[in-house]
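> Sharing a structure, written as structure tokens. Questions coming.
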Amino acid sequence: MASITQDMRYRLSLIRFAEKYGVSKAAIKYKTNRQYIYRWKRRYDGTIESLRDRSRRPHHHPNQHTPEEIKLIQDMRRRNPHSGLVVFWVKLMQRGYKRSIPGLYRFLKKQGILAQKLPNPKYIPKPYEQMKYP
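Note that the numbering used here has the sequence shown beginning at 1, numbered continuously upward.
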């Protein structure tokens with residue numbers, strides 16, 4: 001990206017001031033701590049692009065469900081669309097699923113395949129005998 005953000009300009013002026021007058025004076029003037037200044041000085045390589053914020057996105061998810069587990073869950077949910085969370089989890093455990101109930105719940109919610117609630121049965125009034133008056 002070619003745009004220079006306000007934060008990048010701030011960091012550049014902070015680093016230049018720190019190089020000229022020292023980190024402690026820069027921390028006092030810019031109302032920040034010295035560790036913050038040292039971090040940006042270490043990262044700064046002479047280009048303003050090095051002062052850009054880095055992505056916080058994780059590089060990998062080591063505990064995510066494996067494709068085999070996902071297939072097992074989807075196949076089981078297709079066969080048991082109305083079973084509750086705990087019953088469904090027990091059936092999965094019998095087939096080799098090793099994760100906890102909250103982990104299963106989060107996965108089902110994310111995939112949008114939580115148990116489908118059956119509609120309440122329609123009320124059908126019972127036939128009754130007509131009163132016989134004496």
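By construction, the Cβ of each residue, glycine as well, lies at the ideal position given by its N, Cα and C atoms.
Every value quoted in this text rests on a predicted model; they were computed, and no experiment measured them.
By the DSSP assignment, the alpha helix (DSSP H) with P102 in it spans what residues?
Start and end: 101-111.
> Can you grab the Cα-Cα spacing for the pair M93 / N80, in whole Å?
If you take the alpha carbons of M93 and N80, they lie about 14 Å apart.
> For a quick check, are the C-beta atoms of I37 and A18 less than 8 Å apart?
Taking 8 Å as the Cβ cut-off, I37 and A18 qualify as a contacting pair.
> Tell me, please, whether the stretch 65-80 touches the stretch 104-120 by the rule of three or more beta-carbon pairs shorter than 8 Å.
Yes, the stretch 65-80 touches the stretch 104-120.
> Work out the CA separation of Q64 and P121 for me, nearest whole Å.
Answer to the nearest angstrom: the Cα atoms are 39 Å apart.
> Excluding five sequence neighbours on each side, which residues of the same chain lie with their C-beta closer than 7 Å to the C-beta of V86?
Excluding positions up to five away in sequence, the list reads I101.
> Look up A27 in the DSSP assignment and say whether it is helix, strand or coil.
Helix, per DSSP.
> Out of M8, S24, I73, state which residue places its alpha-carbon closest to the alpha-carbon of K109.
Answer by Cα proximity: I73.
> Is the Cβ-Cβ distance between Y44 and I70 less than 8 Å?
No, they are not a contact pair.
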